[in-house]
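Student: Going by the UniProt record's numbering, the sequence shown opens with residue 1, and the numbers climb by one from there. Before I ask anything, here is the structure I am working with.
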Amino acid sequence: MPEHREGTPEKFRVLESFLWHDFADGTPDWLVWNQRLWPEVPEAEVATSGETALQLHRALRSLQAHNNGIDSGAPDEAAALLNQLIATHGVRPAVGAEGQVALTTAAQGNPAARLLVLALQAMQLGVWRRFKVCRDATCGASYFDASKAAVKAWCSMDTCGSRNKMRRYRTRRLQEGT
């Protein structure tokens, strides 16, 4: 499945990429991902934000799974961690001259804080519910559900959806004895 899919709002493509990446190697993966997306951020800033970014990633992935009806363990714990990160990074609303409200962070140069603000903006705009984790337990890919009703269960109907439907069909056939 590709990292970016049609329908993801341009503003949230970095967030989509962050959620899609698995960061299996921890901080080294975070450094590589950051260099690819934000090469202008000093490596020292990226390195010091690594652990925070990985915590943010785990919390957001838990909430994504919850968005797709998957028991993700503890959405309350994920929300508590997000609230802690909001406080740590000084995320707050700021009012512009024309009366618009935007979220800002005291740690503007910190890539993890930038991602936190993006996730909060997605939540604030009602877009967050479209960020999901594939319901196929063998996949677990992150995706943005751009369908009109936001009811997609799988990252791709061609692979995960087809595989799951065929599995259910075969199970029914066995139960029917045909």
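For glycine and all other residues, C-beta sits at the position ideal for the given N, C-alpha and C.
1. At which residues does the beta strand (DSSP E) containing residue 132 begin and terminate?
2. Across which residues does DSSP place residue 251 in a beta bridge pair?
3. Where do the N-terminal and C-terminal ends of the alpha helix (DSSP H) with residue 88 fall, by residue?
4. As a quick exercise: from 22, 83, 93, 32, pick the residue whose alpha carbon is nearest that of residue 58.
5. Grouping DSSP H, G and I as helix and E and B as strand, with all else coil, what is residue 18?
6. Hey, would you say residue 53 sits closer than 7 Å to residue 30, going by beta carbons?
7. Answer with buried or exposed for residue 112, where buried requires no fewer than 16 other C-beta atoms within 10 angstroms of its C-beta.
8. Quick one: is the Cβ of residue 102 within less than 6 Å of any heavy atom of the ligand MN?
9. Compute the beta-carbon to beta-carbon distance between residue 64 and residue 142, rounded to the nearest angstrom, for a pair I have assumed lies under 8 Å.
10. Give me the Cα-Cα distance between residue 169 and residue 71, rounded to the nearest whole angstrom.
11. According to DSSP, residue 144 sits in a beta bridge with which residue or residues?
12. According to DSSP, simplified to helix, strand and coil, what is residue 103?
13. Could you pull the start and end residues of the beta strand (DSSP E) that residue 94 belongs to?
14. Between which two residues does the alpha helix (DSSP H) containing residue 54 stretch?
15. Report all residues from its chain with a CB closer than 7 Å to the CB of residue 26; omit the five preceding and five following residues, and keep chain order.
16. Starting from residue 156, trace the alpha helix (DSSP H) in both directions and tell me its first and last residue.
17. Quick one: give me the first and last residue of the alpha helix (DSSP H) that residue 119 is part of.
18. Using a Cβ-Cβ cutoff of less than 8 Å, which residues in the same chain neighbour residue 19 once the five nearest sequence positions on both sides are dropped?
Tutor: Well, looking at it:
1. 131-133
2. No answer is possible for residue 251: it lies beyond the span of the chain, which begins at 1 and ends at 178.
3. 75-88
4. 22
5. helix
6. Going by C-beta atoms, residue 53 is nearer than 7 Å to residue 30.
7. buried
8. No copy of the ligand MN appears in this structure; indeed no ligand is present at all.
9. 6 Å
10. 24 Å
11. 131
12. strand
13. The continuous beta strand (DSSP E) containing residue 94 extends over residues 92-95.
14. 50-67
15. 54
16. It is not in any alpha helix (DSSP H) - residue 156 carries neither H nor E in the DSSP assignment.
17. Note, residue 119: alpha helix (DSSP H), 111-124.
18. 57, 60, 61, 64, 131, 142
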